[in-house]
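>
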Amino acid sequence: EKAGSDKPVKRLWLSSMEPDEIRKAYANLRPGAEYDNLYAAALCRAKADWLVGMNATRLMSLVYHRTLNVGRVVSPTLSLLVERKREIEEFKPETFYTVAANCGGVFLSSERIADKSEAEALANDCTGEAHIIRVGHEKCSKRAPELYDLTTLQREANRELGFTAQQTLDYLQALYEKRLVTYPRTDSRYLTDSMAATVPELMSVAARLLEVEAPVDINAEQVCDSSKVTDHHALLPTEEPVELWRLTGPERNIYDLIVRRFLAVLLPPFEYEEVALTLEVEGETLHARGKAVLSPGWRAAYDRTFALEEEDEEGDEKEQSLPTLAEGERLTVQSARANPGKTAPPKRYTEATLLTAMEHPAAQVADREQGRILEETGGLGTPATRADIIEKLFSAFYIERRGRELVPTSKGRQVVELAPADLRSAQLTARGEKRLGDIARGLERESAFVSEMRGYASRLVGEVKTSDAVYRHDNVTREKCPDCGKFLLAVQGKRGKMLVCPDRECGYRRSVTRTTNARCPNCHKKMELRGEGEKQLFACVCGYRERLSDFKKRHAHSAAGKRDVQRFLQNQREEKGTSAMAEQLKKWLEQQEK
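Using our numbering, the first residue of the sequence shown is number 134, and each one after it goes up by one.
In structure tokens, the structure reads:
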């Protein structure tokens, strides 16, 4: 289209990089016209994002004299964080009590009791013997979670390793470029049916890497389903020989997650038995729960306690190991007491839970049909763009990180309040995705959709221009900008505290404190770098202080660090050959010439 060419075009359409699949795809090249509707839908999506996002961002920045970035995906994502903060602030905790009793290593508990005196009276009555009136046994079997797509890997890497979504994507891209994993930007958790033959070989590679015994009987069909594969199949390790010592620590951690998941999904189910006891003490009913592992199954792939994304944020419920007991037995109550507790507010978002909310935003829309459309189309953003969206929220100072929790700033809260209601809701995405789906299926013309988006952008302009809302900074300092004289704003950047000028045309910013990788010699925690020029010093939370100049002198003659060693190893790498796809293309071209 850009070149004005009318030559015939054929498309290579494949989701697997296996040589046989590449050959098959080349033998069945499809006419390009079959995919014109997909192209039109993608082009309309890009135009809609520009028409709405660019106009609304420029408009709000001019009206409120601040750089305020808004958009079809950024604004609903930020709204999730602001709404959660409001829920936490408005939450009123309620006090409750539970009675806990110890029967010689078997721990009992009561239901929640609102009245303190009632709970204490129950604790005082729990003396003598506890009579077992019911014993429940339930054998349970749990299959391994499905293979990774990009979003689930980002969630798990954040929860288990503390990596941000962008860091996970960067490490994964590095592994992909080293041919150690398959294409990273995928939203599928299955393999194509044609890949079933390669699964046993990959399994043996994974088992050898993890030094575990590979299963004898492998049912590859449980991970292969072409109907559930979209553009690319699930994340997999490749058959490329890996030299782990050549990988950086984070790359090795991500590679380990992928290999373990692939091995786990092919292992037998995790089997366990749940035991529930109901006991009677002085006419009061108490309960005890326990779990006994019958067969570790796929959990043998993990050599540590591992919180999986299908489980609660807290991981598995901590349950005691109960001895063999039967109805009618009696246990001696050794102690009992009333423990106070409070109902907890909703938890703040972490990057892991925010990625989940972006992938499944149906709860944000009241219309059931729109919720269904959001689920089917992958939610807010795509696996490839969600990490970038979160990074934009940081760079715009809309959110800040407190530990692993994400908290909206005053600027972020005000942007959500000032933005038009349609723009900060996932409903706009739901309506747009339905129309784009119709365009992809050839049921609607792209011109009608783009025309409607232009009209919507015009209505947004009118709505914002007539608003009487005011933007106010609550982080203004008494220090003036050396360039324009305006009072600087104190903001929390990704790497530390900064002072920035509120005038976007000025753009002045200065670092106040910066978190570094330098470790405190006393407590070995990461230190902050404070000050400027010759007055720069390292400061630790334990109270340790050291000037930057003294720090450099102390490390002037130290041995090479990890980065120096890694840089040296990178320079020693041998040149690799061309990719498998390039080799197949070369052979195909040679055959055509013959």
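For glycine and all other residues, C-beta sits at the position ideal for the given N, C-alpha and C. Fair warning: this is a prediction, and the values are worked out from it, not measured in the lab.
Could you give the distance in angstroms between the alpha-carbon of residue 328 and the alpha-carbon of residue 315?
Going from the Cα of residue 328 to the Cα of residue 315 covers about 13 Å.
> Assign residue 672 to one of three DSSP states: helix, strand, or coil.
Of the three classes helix, strand and coil, the one that applies to residue 672 here is strand, per DSSP.
> In whole angstroms, what separates the C-alpha of residue 553 from that of residue 471?
Computed Cα separation, rounded: 50 Å.
> How long is the line joining the alpha carbons of residue 358 and residue 323, rounded to whole angstroms?
Near 6 Å, if we compare the C-alpha coordinates of residue 323 and residue 358.
> With 16 other CB atoms within 10 Å as the buried threshold, where does residue 224 fall?
Classification for residue 224: exposed.
> Compare the Cα-Cα distances from residue 199 to each of 462, 231 and 531 and report the closest residue.
Minimum Cα distance to residue 199 is reached at 531.
> Where does residue 365 land, buried or exposed, given buried means 16+ other C-beta within 10 angstroms?
Buried is the call here.
> Have a look at the DSSP bridge pairing and note the partners of residue 625.
In DSSP, residue 625 forms a bridge with 630.
> Leaving aside the five residues before and after residue 661 along the sequence, list all residues of the same chain whose C-beta is less than 8 Å from its C-beta, in chain order.
Cβ within range, chain order: 629, 646, 647, 648, 649, 671, 672 and 673.
> Compute the beta-carbon to beta-carbon distance between residue 241 and residue 419, rounded to the nearest angstrom, for a pair I have assumed lies under 8 Å.
Yes, they are in contact, since the Cβ atoms of residue 241 and residue 419 sit about 4 Å apart, within 8 Å.
> Can you check which of these residues, 326, 300, 330 and 332, is closest to residue 317 by C-alpha distance?
If we check each option's Cα against that of residue 317, 300 comes out closest.
> From residue 665 to residue 644, what does the alpha carbon distance come to, in whole angstroms?
One C-alpha to the other measures close to 8 Å.
> Please give me, in chain order, every unbroken run of the alpha helix (DSSP H) with length at least 4 that falls completely inside the region 450-519.
Listed in chain order, the complete alpha helix (DSSP H) runs (minimum 4 residues) inside the region 450-519 are 484-492 and 501-509.
> On a CA-only basis, which of 394, 589 and 284 is nearest residue 490? Give me that one, please.
The shortest Cα separation from residue 490 among 394, 589 and 284 belongs to 284.
> Using the three-state DSSP reduction, which class does residue 619 fall into: helix, strand or coil?
Three-state DSSP puts residue 619 in coil, outside helix and strand.
> For the putative contact between residue 185 and residue 589, defined by C-beta atoms under 8 Å, what is the C-beta separation to the nearest angstrom?
Confirmed, about 7 Å.
> Roughly how many angstroms separate the alpha carbons of residue 521 and residue 508, rounded to a whole number?
When rounded, the distance between both Cα atoms is 21 Å.
> Which residue or residues does DSSP assign as beta-bridge partners of residue 419?
BP columns for residue 419 point to 412.
> Would you tell me roughly how many angstroms separate the C-alpha atoms of residue 460 and residue 401, rounded to the nearest one?
Answer to the nearest angstrom: the Cα atoms are 33 Å apart.
> For residue 202, count neighbouring C-beta atoms within 10 Å of its own C-beta (all shown protein chains included) and say buried if the count is 16 or more, exposed if not.
Buried: at least 16 other Cβ atoms inside 10 Å.
> Does the distance from the C-beta atom of residue 217 to that of residue 482 stay below 9 Å?
In contact: residue 217 and residue 482 (Cβ atoms closer than 9 Å).
> Under 9 Å, do residue 258 and residue 230 count as touching if we go by C-beta distance?
No, these two residues do not count as a Cβ contact at 9 Å.
> Specify, as a first and last residue, the run of the beta strand (DSSP E) that residue 660 falls within.
Residue 660 -> beta strand (DSSP E) spans 659-663.
> What three-state label does DSSP hand residue 174 in the structure shown?
Helix.
> Could you give the distance in angstroms between the alpha-carbon of residue 526 and the alpha-carbon of residue 282?
Cα to Cα, residue 526 sits roughly 23 Å from residue 282.
> Give the straight-line distance between the Cα atoms of residue 343 and residue 715, rounded to the nearest whole angstrom.
C-alpha separation (whole angstroms): 31 Å.
> Following the continuous alpha helix (DSSP H) through residue 373, name the residue where it begins and the one where it ends.
Run containing residue 373: none; DSSP gives neither H nor E here.
> Return the CA-CA distance between residue 378 and residue 659, expressed in angstroms with no decimal places.
Going by the C-alpha atoms only, they are around 25 Å apart.
> Going by DSSP in three states, residue 530 sits in which element: helix, strand or coil?
Three-state result, residue 530: coil.
> When you compare each of 390, 389 and 398 to residue 353 by their alpha carbons, which one comes out closest?
Nearest of 390, 389 and 398 to residue 353, Cα basis: 398.
> For residue 381, I'd like the list of residues in its chain whose CB is within less than 7 Å of its CB, leaving aside the five on either flank, ordered along the chain.
Only 699 meet the Cβ criterion.
> Pick from 136, 170 and 311: whose alpha carbon is nearest that of residue 580?
If we check each option's Cα against that of residue 580, 170 comes out closest.
> How far does the alpha helix (DSSP H) with residue 593 in it extend, from its first residue to its last?
Looking at the DSSP string, the run of the alpha helix (DSSP H) that includes residue 593 is 579-598.
> Report the option in 320, 635, 238 and 188 whose CA atom is closest to the CA atom of residue 587.
Selected option, being the one with the closest Cα: 188.
> Pick from 405, 416, 326 and 372: whose alpha carbon is nearest that of residue 308?
The shortest C-alpha separation from residue 308 is found at 372.
> Just to confirm before moving on: does the CB-CB distance between residue 538 and residue 602 stay below 9 Å?
No. Outside cutoff.
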